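Asks: Read left to right, the sequence shown gives residues -26 to -1, 1 to 561 (mature numbering (1 follows the signal peptide of the UniProt record, and there is no 0)).
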Amino acid sequence: MKRMFSRALLLLSGIAVLLLSACSKAPEQGKHIPKTAALVLGINSKQIQEKLVTEGLTVDKLFEAVQQKDTSNEMAKALKEAENSGVDLKGDVFVAMVPGDKGNGYVMAVAKLKDAAKFETFLKEKSKKEIKAGKDFKFMEDEDGAVGFNNETIIGVFSFDANKFGGDAYGPENDPFAALGDSAAPAAPKAPEKANAPEILDGLFHLKADESVGTIESFKAVQKEKGDVLFWMSSEQIYAFNPGTPSGVAALVSTNVKKLTAGSFQTAAVHFENGKIKVNSNAYAGTEMKEIMKKYPMEKVNMSMLETYPSDNVLGFVLMNFDLRMLGDILKLVGMDGFANMGLAEAGITLDDVLKAFKGEFALIGSDFSVVSQPSAWDSTYKTTKPQAKWVFNLKVGDKAAFEKIMSSPRIAPMFTKKGNEYVPNEGLSGEMGVSISNERILLSSDAELMAAYAAGKGKVKLDEGIESKAKGNVMSMYFSIEKMVNNIPAEEMKVPDSVLNDIKGLLKDFTVATEPYNGTSQKSTIELNFKNEGQNTLVQLANFTQKMYSYYLSKKKEDEAAWGEPAIDSAAVAVPVDTTAAAVAQ
């Protein structure tokens, strides 16, 4: 795509990426996005504007600051040009990814227009392309897409080849069936036909109400939450991006995967709050998956697995509780259970044995993170640094008969000596790790001392305030202390000035995930990224932090250029997120 046209197209997605806001009346959500979309990203510009202005921060001020420090900054220049382009920089923006019938997928961006005449002039000047007339809209074509507009709306459509991103799903190098001797495995698909952008634009401008994503219940629900950013995904349509035409066993698997993903959606609403970024996510199961989830309901996590961990310096943990037989039903539904049993046959066990043997109730806990200096293995006079942490993995045993069958199988039995209900690893098997296996649970740990203390069950964990209460009552809980990790990395390893180091250490606190039981309609997860400063909006904190890091990058770049006598290579650049993303959009 030519540079001048790229800059014009950049304005569409740049509005969303840069969060150019202060929205007046937002466009009707989903009005121009087809219900066949696979992904939708939306920006609530009005709310974002209000949160920035509350702290005296506006997008104009941000880019004025950037341009003062770097007059060559392309994004700052593009913003200035955009102000006179006719684009409504105060409107909401939606970006969607839509698969086609023959692999000819496309990415679309929808934005608001305040002056169609100005925008038409802007496109002509920047692209040197002909502006053509549609039914009741105008458009400009490029080899990779087109931009269309009427008096109120701009829609950009750009061709998308899924093969370039994920590889040929049925190509010979990625064929999962060739290794199994499937002579009917499909050949690599032909390159997908390129989307007819003008034709697609016409359809999007005249999309009927019942053809839009706005009629889908999961999309309606995420809109109602009024997040600063919304995300919506259709698993069924994501799978539709595969342009291959499978046959034989692959065709059967493909058909069954479609059954599994049909009617399945994932949504997320992002909220920039004081002291934290909160994401409310919902997973909506399709008909087939609903039946499996009803058959094997997930249970709440076992808090005792965490509570008896002997440490007051926990770095993080993952707790989960689900019935492994759920995975078995999924494999059976997609027709892969036979392959799994073929692989396990040599060990003398079956898939059902494995699924019955373990409950799916487990905990992974880490603590006492540090970075230690030690002599190099190659040169004792040279010091190297190595991250260290203590950890325990605890997995509950389910059906004891199935578990004992696995432990006595020809592949597993030679590794252990059974003593009562314990399976003791033979010499040299576990190394420095602690290993304790019984017909009740499997315990693995970083060292034998921690293993003994945890297995005794007399320890008591000490967590930061509020973490334990967030973990209770969920089917999956996760916690990670960013603060503890960063604070335990030596300053000399960070290789930045103290002022920058203090900014880095003073930003983030921790990260948590809590997944609730399935409620019959959806399964909700709450994700929180907590900041150390609880009194200021996180969007403002990120903007200020980015400015500081960008200033440091520019000053470091000048130092390097002065030292080497030539422009420095930006290999270690601390890039500004808005520039990085926008540049990617323009390519």
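Every residue, glycine too, gets a C-beta built ideally from N, C-alpha and C.
No experiment lies behind these values; they were computed from the predicted model shown.
(1) Between ASP89 and SER19, is the Cβ-Cβ spacing less than 9 Å?
(2) Which residues bound the beta strand (DSSP E) around ILE174?
(3) When you compare only the Cα positions, how much space is there between ASP156 and PHE313?
(4) Taking C-alpha atoms, which residue in GLN240, TYR527, ASN248 and ALA488 lies nearest to PRO471?
(5) Is GLY74 buried or exposed, if buried means 16 or more other CB atoms sit within 10 Å of its CB?
(6) Just tell me which of LYS268, MET279 and ALA363 has its CA closest to the CA of VAL435.
(7) Quick one, which of THR489, ALA70 and LYS232 has its alpha-carbon nearest GLU502's?
(8) Return the first residue and the last residue of the beta strand (DSSP E) that GLN362 is part of.
(9) Output yes or no for whether 9 Å exceeds the beta carbon distance between GLU265 and LYS233.
(10) Give me whichever residues DSSP pairs with PRO399 in a beta bridge.
(11) Would DSSP call GLU94 helix, strand or coil?
(12) Excluding the 5 residues flanking ASP286 on each side, which residues of the same chain have their C-beta closer than 8 Å to its C-beta?
(13) Work out the CA separation of ALA445 and ALA465 for me, nearest whole Å.
(14) Quick check: the Cα distance between PHE205 and ASN504, rounded to an integer number of angstroms?
(15) Strictly by DSSP, which residues pair up with LYS498?
(16) Let me see if you follow: with CB-CB separation under 9 Å, is VAL61 close to chain C or not?
(17) By Cβ distance below 6 Å, which residues in the same chain neighbour THR486 in space, the five residues on each side in sequence not counted?
(18) So MET272 and ALA12 are in contact, right, with Cβ under 8 Å, and what is the actual spacing, rounded?
(19) What is the rounded straight-line gap between the Cα of THR359 and the Cα of GLY340?
(20) Does the distance between the C-beta of LEU26 and the nearest non-hydrogen atom of the ligand ATP fall short of 8 Å?
(21) Return the residue from the list VAL292, ALA321 and TRP365 that minimises the CA-CA distance to PHE336.
(22) Tell me whether GLN23 is buried or exposed, calling it buried when 16 or more other Cβ atoms sit within 10 Å of its Cβ.
(23) Expressed to the nearest angstrom, what Euclidean distance is found between the alpha-carbon atoms of SER419 and PRO399?
(24) Decide yes or no for the touch test of the region 312 to 330 against the region 235 to 249: beta carbon pairs closer than 8 Å, at least 3 of them.
(25) So, is ASP327 buried or exposed, given that buried needs 16 or more other C-beta atoms within 10 angstroms?
(26) Among residues of its own chain, excluding the 5 on either side of ALA91, which ones have a beta-carbon nearer than 8 Å to its beta-carbon?
(27) For the region 427 to 460, which segments carrying the beta strand (DSSP E) assignment without a break, of at least 3 residues, lie completely within its bounds, in sequence order?
(28) Do three or more CB pairs link the region 410 to 424 to the region 360 to 369 at distances below 8 Å?
(29) According to DSSP, is THR512 part of a helix, a strand, or is it coil?
(30) Identify every residue that forms a DSSP beta bridge with LYS479.
(31) Would you kindly work out how many angstroms separate the C-alpha atoms of residue 634 and PHE193, rounded to a whole number?
(32) State the beta-bridge partners of ASP116 as determined by DSSP.
(33) Starting from PHE205, trace the beta strand (DSSP E) both ways and give me its first and last residue.
(34) Shortest alpha-carbon distance to LYS64 belongs to which of GLU442, THR324, ASN125 and GLN21?
(35) Residue ranges of each beta strand (DSSP E) run of no fewer than 3 residues wholly in the region 262 to 336, ordered along the chain?
(36) Under a Cβ-count criterion, where at least 16 other Cβ atoms within 10 Å of its own Cβ denotes burial, should VAL346 be classed as buried or exposed?
Replies: Put simply:
(1) No; because the gap between Cβ atoms is not below 9 Å, this pair is not in contact.
(2) For ILE174, there is no enclosing beta strand (DSSP E); the enclosing alpha helix (DSSP H) covers residues 171 to 179.
(3) Summary for ASP156: the model assigns pLDDT 47, below 50, so the residue's position carries little reliability; its value from the coordinates is reported in the next sentence. In this structure, the straight-line span from the alpha carbon of ASP156 to that of PHE313 is close to 12 Å.
(4) Ranking the options by Cα distance to PRO471, first place goes to TYR527.
(5) It counts as buried.
(6) Of the candidates LYS268, MET279 and ALA363, the one whose C-alpha sits nearest the C-alpha of VAL435 is MET279.
(7) GLU502 has its Cα closest to that of THR489, out of THR489, ALA70 and LYS232.
(8) From DSSP, the beta strand (DSSP E) with GLN362 extends over 357 to 371.
(9) Not a contact, by the Cβ cut-off of 9 Å.
(10) Under the DSSP definition of a beta bridge, PRO399 partners with PHE390.
(11) If DSSP states are grouped into helix, strand and coil, GLU94 belongs with the helices.
(12) Excluding residues up to 5 positions away in sequence, VAL435 and LYS436 lie with their Cβ nearer than 8 Å to the Cβ of ASP286 in the same chain.
(13) Near 32 Å, if we compare the C-alpha coordinates of ALA445 and ALA465.
(14) Straight-line spacing of the CA atoms in PHE205 and ASN504 works out to 20 Å.
(15) Under DSSP, LYS498 shares a beta bridge with ASN256.
(16) Absent from the structure: chain C. Only one protein chain is present.
(17) Answer for THR486: LYS444, TYR453 and GLU502, listed in chain order.
(18) The pair is not a contact, with the Cβ atoms about 27 Å apart (cut-off 8 Å).
(19) Separation of THR359 and GLY340 (C-alpha to C-alpha, rounded to the nearest whole angstrom) is 19 Å.
(20) Here there are no bound small molecules, and the ligand ATP is not part of this structure.
(21) Taking only the C-alpha atoms, the option nearest PHE336 is VAL292.
(22) Counting every other CB atom within 10 Å of its CB across the protein chains shown gives GLN23 a total of 16 or more, marking it as buried.
(23) Take the alpha-carbon of SER419 and the one of PRO399: they are about 14 Å apart.
(24) Not touching, per the Cβ criterion.
(25) Under this definition ASP327 is a buried residue.
(26) Correct list, in chain order: GLY60.
(27) Segments of the beta strand (DSSP E) lying fully in the region 427 to 460: 450 to 455.
(28) The region 410 to 424 is in contact with the region 360 to 369.
(29) Here THR512 sits in helix by DSSP.
(30) Paired residue(s): none; LYS479 is not in a bridge.
(31) Only positions -26 to 561 of the chain appear in the structure, and residue 634 is not among them; the question remains open.
(32) In the DSSP assignment, ASP116 is bridged to GLY119.
(33) For PHE205, the enclosing beta strand (DSSP E) has its first and last residue at 203 to 208.
(34) Taking the Cα of LYS64 as reference, the smallest distance to any Cα among GLU442, THR324, ASN125 and GLN21 is reached at GLN21.
(35) Counting only runs of 3 or more, we get 288 to 295.
(36) Exposed, because fewer than 16 other Cβ atoms sit within 10 Å of the Cβ of VAL346.
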